[in-house]
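Engineer: Below you'll find the structure I mean.
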Amino acid sequence: MSEGPVMNHVVERPLPVPDAATEPYWAAARAHRLVMPRCLECDHFHFYPRTLCPQCGSARLEWSACTGNGEVYSFTVVHRAPSPAFAPDVPYVVATVALDEGPHLMTNLVNCAPATVAIGLPVRVVFRRASDEITLPMFEPRSEDA
Ligand SMILES: [Zn+2]
């Protein structure tokens, strides 16, 4: 009698799957660089990646380096893991970070106690390797003069 598939009790985290549109972002992250699409016509940065500039409609876009600095635009503290894969991390902070260049991205705040996070907190990017392919840009507090 078959006993079915062996259950693996180490739960793998879901990770992003790069595609043609997003591979430059992930390649840069593997090299510990944060890049965003920037319009060569109007200099506007945007994120998520699009085929046309949302500011002026130009298709002349280029992946450009960001400073990695920004501030907390909004955040929440997760106390109940959405799946067993995240259980070891609770409580953790999910935040929307407003980059100095303008785009907002959803990310995690790390290297800080959740109770110390506030809207407007200055942050800087850090990189966490999750697999051979995926390194995740996350953010940590920075001093105002950093
Ligand atoms: Zn533009």
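According to our numbering, the sequence shown is numbered sequentially starting from 13. A virtual CB, placed ideally from N, CA and C, is assigned to each residue, including glycine.
#1: Look up residue 128 in the DSSP assignment and give the residues it is bridged to.
#2: What do you reckon, is the C-beta of residue 76 under 7 Å from a heavy atom of ligand 1?
#3: Shortest alpha-carbon distance to residue 47 belongs to which of 129, 38, 55 and 66?
#4: Listed in chain order, which residues are found with a beta carbon closer than 6 Å to a heavy atom of ligand 1?
#5: Would you mind working out which of 40, 73 and 68 sits nearest residue 52, comparing C-alpha positions?
#6: Assuming contact is defined by CB atoms lying nearer than 8 Å, are residue 121 and residue 137 in contact in what I supplied?
#7: For the pair the segment 82-97 and the segment 49-69, tell me if three or more CB-CB distances fall below 8 Å.
#8: If I measure Cβ to Cβ from residue 79 and keep anything under 6 Å in the same chain, skipping five residues before and after, which residues do I get?
#9: Based on the DSSP secondary-structure assignment, which residues constitute the bridge partners of residue 86?
#10: At the level of alpha carbons, what is the spacing between residue 89 and residue 151?
#11: Since residue 148 sits in a beta bridge, which residues does DSSP pair it with?
#12: Tell me, which residues are paired with residue 116 by DSSP?
Structural biologist: Based on what the coordinates show:
#1: BP columns for residue 128 are empty, so no partner.
#2: At a cut-off of 7 Å, the beta-carbon of residue 76 does not count as near ligand 1: no heavy atom of the ligand is closer than that.
#3: Checked all of 129, 38, 55 and 66; the closest Cα to residue 47 is 38.
#4: This criterion selects 51, 53, 54, 56, 65, 67, 68 and 70.
#5: When each option's Cα is compared against that of residue 52, the closest is 73.
#6: Residue 137 is positioned such that its CB atom lies no closer than 8 Å to that of residue 121.
#7: They do not touch, by the three-pair rule.
#8: Taking residue 79 as the centre and dropping the five residues before and after it, the same chain places the C-beta of 112 closer than 6 Å to its C-beta, in chain order.
#9: Bridge partners of residue 86: 108.
#10: Distance between the alpha carbons of residue 89 and residue 151 is about 14 Å.
#11: Beta-bridge pairing links residue 148 to 140.
#12: Answer by DSSP bridge pairing, in chain order: 110.
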